[in-house]
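Student:
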Amino acid sequence: MRVLPAVYRSTLVPPSLHAGGLAAVLWAGDGARVSHTTAARTYGAELPGNKPHIWVPPDRAPKSELVVVHRGVVAKNDRWMREGVPLTSPARTLIDLASMLDCETLEAVAEDFFHRAVTTPMSVQRCLDASGGTGRAGSQSLRSILENRDQAPLQKRLEVKLSRLLLGAGLRPVRQFKVRVANRTSFLDFAFPALKVAVQGHGFVAHGGRMHHRDDARRLADLASVGWTIVPVTWEAATGEPDVVIDQVRSALAEAAA
0 MRVLPAVYRS TLVPPSLHAG GLAAVLWAGD GARVSHTTAA RTYGAELPGN
50 KPHIWVPPDR APKSELVVVH RGVVAKNDRW MREGVPLTSP ARTLIDLASM
100 LDCETLEAVA EDFFHRAVTT PMSVQRCLDA SGGTGRAGSQ SLRSILENRD
150 QAPLQKRLEV KLSRLLLGAG LRPVRQFKVR VANRTSFLDF AFPALKVAVQ
200 GHGFVAHGGR MHHRDDARRL ADLASVGWTI VPVTWEAATG EPDVVIDQVR
250 SALAEAAA
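Letter by letter, the sequence shown follows residues 0 to 257 of numbering that gives the first Met the number 0.
(1) Which residue comes first and which comes last in the beta strand (DSSP E) that contains R197?
(2) Just the Cα atoms here: how many angstroms apart are R8 and W54?
(3) To which residues does DSSP link Y7 through a beta bridge?
(4) DSSP puts T92 in a beta bridge; with which residues?
(5) What's the gap between the Cα of M99 and the Cα of G137?
(6) Which parts of the region 100 to 152 are runs of the alpha helix (DSSP H), unbroken and 4 residues or longer, counting only runs that do not cross its ends?
(7) Out of W26, T10, A38 and A5, point me to the one whose CA is closest to H17's CA.
(8) Based on Cα-Cα distance, which residue from E106, G239 and V248 lies nearest to R148?
(9) If you drop the 5 nearest sequence neighbours on each side, which residues of the same chain put their C-beta closer than 7 Å to that of P4?
(10) Is the region 152 to 168 close to the region 78 to 96, with three or more CB pairs under 8 Å?
(11) In angstroms, rounded to a whole number, what distance separates the CA positions of P56 and E158?
(12) Check R163 in the structure and name its three-state DSSP category.
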């Protein structure tokens, strides 16, 4: 089955992200590698994407309506291989994504990479520094994300939303604050330890299932027994009623301080 000019796929092999990326670099020739959203999805990012994205050397200009071609130089240490497919390193991939994604989505992908140890903030910073100044599209957004984060990576999209919401309201909580009660350890999404108030993305430790909800209830009871106030926030509340969420957090903080 013809996929691209001079590139064919056996009908016994189903279409896949891997197959699409490999077909694109084979079609583009030497020096091509999977990049941008296609590389990010290869590393496990949850991003939409139909056409494969690739980098090609600046002296090449292959064209196809089925492939998004970017021309430029990829540094040697950012040329990776994954399951036989050449692609950009995770750090370089984030830099490329910065020119395509809005700040919140970019932060969500970056925090996901950091949480899963796909790459590190230091690696991204080094790649940014090596790629030039602030003139690269999106580079300032990525630098801002690195500069404003703390050491604990955010684990899900709701946490990124809550982080931006709280910081935008002038609140400075501690991320992933560790609390141990009754031989059980809980990690609070955003905590104000001095007042024992925490903001938690619903549903708390895990999602779905009777056992998970029972464990959540037990941990909440443990935290309440030692004086913690938990402000649960759903995705719907964070996106649809952000002012209400901030009012709830401020009220909890004021009550704890009284």
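We treat Cβ as the ideally placed atom computed from N, Cα and C, and that holds for glycine.
Fair warning: this is a prediction, and the values are worked out from it, not measured in the lab.
Tutor: Taking the structure as given:
(1) For the purposes of this step, residue 197 is taken as residue 198 along the sequence shown, with counting starting at 1. For clarity, residue 197 is Ala in the given sequence; the question names Arg instead. Secondary structure note for A197: its beta strand (DSSP E) is the uninterrupted segment V196 to G200.
(2) The count along the sequence shown starts at 1 and reaches residue 8 at position 9. The count along the sequence shown starts at 1 and reaches residue 54 at position 55. About 22 Å.
(3) Working through the sequence shown from its first residue, we reach residue 7 at position 8. Answer by DSSP bridge pairing, in chain order: R1.
(4) Taking the sequence shown and counting its residues from 1, one reaches residue 92 at position 93. None; T92 has no bridge partner.
(5) Numbered from its first residue, the sequence shown carries residue 99 at position 100. Numbered from its first residue, the sequence shown carries residue 137 at position 138. Spanning the two alpha carbons is a distance of roughly 8 Å.
(6) Qualifying alpha helix (DSSP H) stretches, in chain order: 102 to 114, 120 to 129 and 138 to 147.
(7) Sequence index remark: in the sequence shown, residue 17 carries index 18 (1-based). From the listed residues W26, T10, A38 and A5, the smallest Cα separation to H17 is found for A38.
(8) Reading the sequence shown from its first residue, position 149 is the one you call residue 148. When only C-alpha atoms are compared, the closest one is E106.
(9) Against the sequence shown, residue 4 aligns to sequence position 5. Cβ contact annotation for P4 (same chain, cutoff 7 Å, sequence separation greater than five): W26, in chain order.
(10) As far as the Cβ criterion goes, the region 152 to 168 does not touch the region 78 to 96, which means the pair count is below three.
(11) Here residue 56 refers to the residue found at position 57 when the sequence shown is read from its first residue. Here residue 158 refers to the residue found at position 159 when the sequence shown is read from its first residue. Taken atom to atom, the span from the alpha-carbon of P56 to that of E158 is near 38 Å.
(12) If you number the sequence shown from 1, residue 163 lands on position 164. Here R163 sits in helix by DSSP.
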